[in-house]
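Novice: Supplied in C-alpha cells, the structure appears directly below.
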Amino acid sequence: MNIFVETITATEPEKRNRDFYALSRSLSARELLQNLRELDDFRKATPNLYDKVRAILFLYAGFRFFLQESKDIPPVGKIPYHGFEDLLSRRFEQAISTFLRELDVHGPNATLFSALADSYHHLSFQILADQVRKSVRSSKGNQWMFRVGHQEEHPIRIHPALLQRSDSSLFYPVLHEHTSVRMDLTHSGWSDIFFLGMDYPKAPGSSTCRLTWACSGATRTFAPAARLRARHSRARAAPDQHRPKHDQGRHGPGRPVQLRQRLPEPGKGRGYCLRFDSALL
Numbered sequence: 001m002n003i004f005v006e007t008i009t010a011t012e013p014e015k016r017n018r019d020f021y022a023l024s025r026s027l028s029a030r031e032l033l034q035n036l037r038e039l040d041d042f043r044k045a046t047p048n049l050y051d052k053v054r055a056i057l058f059l060y061a062g063f064r065f066f067l068q069e070s071k072d073i074p075p076v077g078k079i080p081y082h083g084f085e086d087l088l089s090r091r092f093e094q095a096i097s098t099f100l101r102e103l104d105v106h107g108p109n110a111t112l113f114s115a116l117a118d119s120y121h122h123l124s125f126q127i128l129a130d131q132v133r134k135s136v137r138s139s140k141g142n143q144w145m146f147r148v149g150h151q152e153e154h155p156i157r158i159h160p161a162l163l164q165r166s167d168s169s170l171f172y173p174v175l176h177e178h179t180s181v182r183m184d185l186t187h188s189g190w191s192d193i194f195f196l197g198m199d200y201p202k203a204p205g206s207s208t209c210r211l212t213w214a215c216s217g218a219t220r221t222f223a224p225a226a227r228l229r230a231r232h233s234r235a236r237a238a239p240d241q242h243r244p245k246h247d248q249g250r251h252g253p254g255r256p257v258q259l260r261q262r263l264p265e266p267g268k269g270r271g272y273c274l275r276f277d278s279a280l281l
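Residue 281 is where the sequence shown ends in the UniProt record's numbering, and the numbering goes up by one at each step.
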C-alpha cells in the first residue's frame, strides 16, 4: 500500500502521526515521485474532505521540499504557459492537470515541480475557503447576507428607542451588549486556529485558551470577556488624528481596545459610533 495513503487513512496513532519528512527521506526521488502520483489519484477519489486536504498538503511538501531540491532532478526546465495562466487565474485543478501532463511527456525538472508545489499549496487553502463559505451559507441565520441587494432589504434595524434623547439629557441612549469571545494567543489573542490539514496538535507548538472573567468569590455568574456599546450621534465622527489616543484603536498589555466606526445615514449627516471594549493579557 502507498505509504502516504496508509498514513492518512490509518486509525492507529503510531501510523497516522508518522513524520512526513522522515517517510520522504527514506525514498529515492523516483520512488517518491511514484508515491506522490498515487497520492494524487487518492486525493481525487476520496470523499473525505479531511483526507483530501491532508493529501494535498503532503503533495505540496513532497514536490517543494524534496523533489524540487533533489540532486537527481534537473534544476532547469520549462512549464506550459497555459498552465501558468491557469495558476494565475486560480484554476488550480486545471493547472495541476496541465503540469502533470507535461511531466508525463517531457519528464521531471525542478521548475515543473515548483509549479506543481505552488498549485497544490493554493488548492489546499481554496478547498478550506470553499468549505467555510459553504458552512456560512448553510446556516439559516447567515443566509440574509447573501440575499441583500438594497439597504431596505437589510434585516437588521436600529431600535427606535436608541434614536430618542430624553428631555434632560444631551446624549442618546447607549446600547450595551456583552458576549463571550474566544482567544488564540498565537494570533495576538483575537483569532481561532482553523486548519484542517493539521491533525497533530502538538506539532505547531501553539495553545488555544478560552477566558471567562469574574470576581473570585463575588458571584457565580461569570462576566463575559467582550462588551459592545452603540450610541446614535448627529455629529460627524472626528478623524482619528483628532481623537484622544485611547480612542484610536491602540492597545497594549492591560489596556482596553477601543474601536470606533462611523456609520452614516445617507443624506442626513448622521452617524452611529460603535465602541468595542475588551482587554489583552
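Ideal Cβ positions, reconstructed from N, Cα and C, are used throughout, including at glycine.
(1) Please report the straight-line C-alpha distance between Glu-93 and Ser-119, rounded to a whole angstrom.
(2) What is the rounded straight-line gap between the Cα of Tyr-104 and the Cα of Ala-115?
(3) Report buried or exposed for Ser-166, applying the criterion of at least 16 other Cβ atoms within 10 angstroms of its Cβ.
(4) Would you mind stating whether Ala-95 and Gln-68 have Cβ atoms separated by less than 7 Å?
(5) Does the count of Cβ pairs from the segment 149–167 and the segment 121–134 closer than 8 Å reach three?
(6) Exposed or buried, Ile-156, counting other C-beta atoms within 10 Å across all chains shown (16 or more means buried)?
(7) Do you know offhand how far Gln-164's Cα is from Ile-158's?
(8) Counting C-beta neighbours from all protein chains within 10 Å, is the total for Ser-168 16 or more, i.e. buried, or is it exposed?
(9) Are the Cβ atoms of Ile-79 and Leu-112 separated by less than 7 Å?
(10) Can you tell me whether His-122 is helix, strand or coil according to DSSP?
(11) What's the C-alpha gap between Ile-127 and Tyr-50?
(12) Which residues mark the beginning and the end of the alpha helix (DSSP H) in which Glu-38 is found?
(13) Taking the Cβ atom as the reference point for each residue, do Leu-39 and Phe-4 lie within a distance shorter than 7 Å?
(14) Alpha carbon to alpha carbon, how far is Leu-57 from Glu-102? Give it in angstroms, no decimals.
(15) Which class does Pro-239 belong to by DSSP, given the choice of helix, strand or coil?
(16) Could you check what DSSP says for Leu-170 in three-state terms: helix, strand or coil?
(17) Between the beta-carbon of Pro-108 and the beta-carbon of Ile-73, is there less than 7 Å?
(18) Look up His-106 in the DSSP assignment and say whether it is helix, strand or coil.
(19) When you compare the CB positions of Phe-42 and Ala-55, do they come within less than 7 Å of one another, or not?
(20) For His-154, which of helix, strand or coil comes out of DSSP?
(21) Just tell me which of Leu-88, Ser-70 and Ser-97 has its CA closest to the CA of Ser-24.
(22) Does the Cβ of Gln-94 lie closer than 6 Å to at least one heavy atom of the ligand COA?
(23) Could you check what DSSP says for Pro-80 in three-state terms: helix, strand or coil?
(24) Helix, strand or coil: how does DSSP classify Val-148 here?
(25) Counting only the same chain and skipping the five closest in sequence on each side, list residues whose C-beta sits under 8 Å from that of Val-76.
Specialist: For this structure:
(1) Answer to the nearest angstrom: the Cα atoms are 8 Å apart.
(2) In the sequence under discussion, the amino acid at residue 104 is Asp, which differs from the Tyr named in the question. Near 15 Å, if we compare the C-alpha coordinates of Ala-115 and Asp-104.
(3) With fewer than 16 other Cβ atoms within 10 Å, it is exposed.
(4) Contact check for Ala-95 against Gln-68 fails: the beta carbons are separated by 7 Å or more.
(5) Note that the segment 149–167 does not touch the segment 121–134; fewer than 3 beta-carbon pairs, one per stretch, sit closer than 8 Å.
(6) With fewer than 16 Cβ atoms within 10 Å of its Cβ, Ile-156 is classed as exposed.
(7) About 11 Å.
(8) Exposed, by the Cβ-count rule.
(9) Contact annotation: Ile-79 and Leu-112 have beta-carbon atoms nearer than 7 Å.
(10) For His-122, the secondary structure class from DSSP, reduced to helix, strand or coil, is helix.
(11) Per the coordinates, the alpha-carbon of Ile-127 lies some 10 Å from the alpha-carbon of Tyr-50.
(12) Annotation for Glu-38: the continuous alpha helix (DSSP H) segment containing it runs 29–45.
(13) Between Leu-39 and Phe-4, the C-beta gap is smaller than 7 Å, which places the two residues in contact.
(14) Cα to Cα, Glu-102 sits roughly 21 Å from Leu-57.
(15) Only weak support exists for where Pro-239 lies, its pLDDT of 41 falling under 50; the coordinates are left without a value.
(16) Coil, per DSSP.
(17) With respect to the 7 Å criterion, Pro-108 and Ile-73 are classified as neighbours on the basis of their beta carbons.
(18) Assignment of His-106 by DSSP, reduced to helix, strand and coil, places it in the helix class.
(19) Against a cut-off of 7 Å, the Cβ pair of Ala-55 and Phe-42 comes out as a contact.
(20) His-154: coil per DSSP, three-state reduction.
(21) Per the Cα distances, Ser-70.
(22) As far as ligands go, the structure on display features none, and thus does not contain the ligand COA.
(23) If DSSP states are grouped into helix, strand and coil, Pro-80 belongs with coil.
(24) Looking at Val-148 - three-state DSSP - the assignment turns out to be coil, as it is neither helix nor strand.
(25) The answer, listed in chain order, is Asn-109, Ala-110 and Thr-111.
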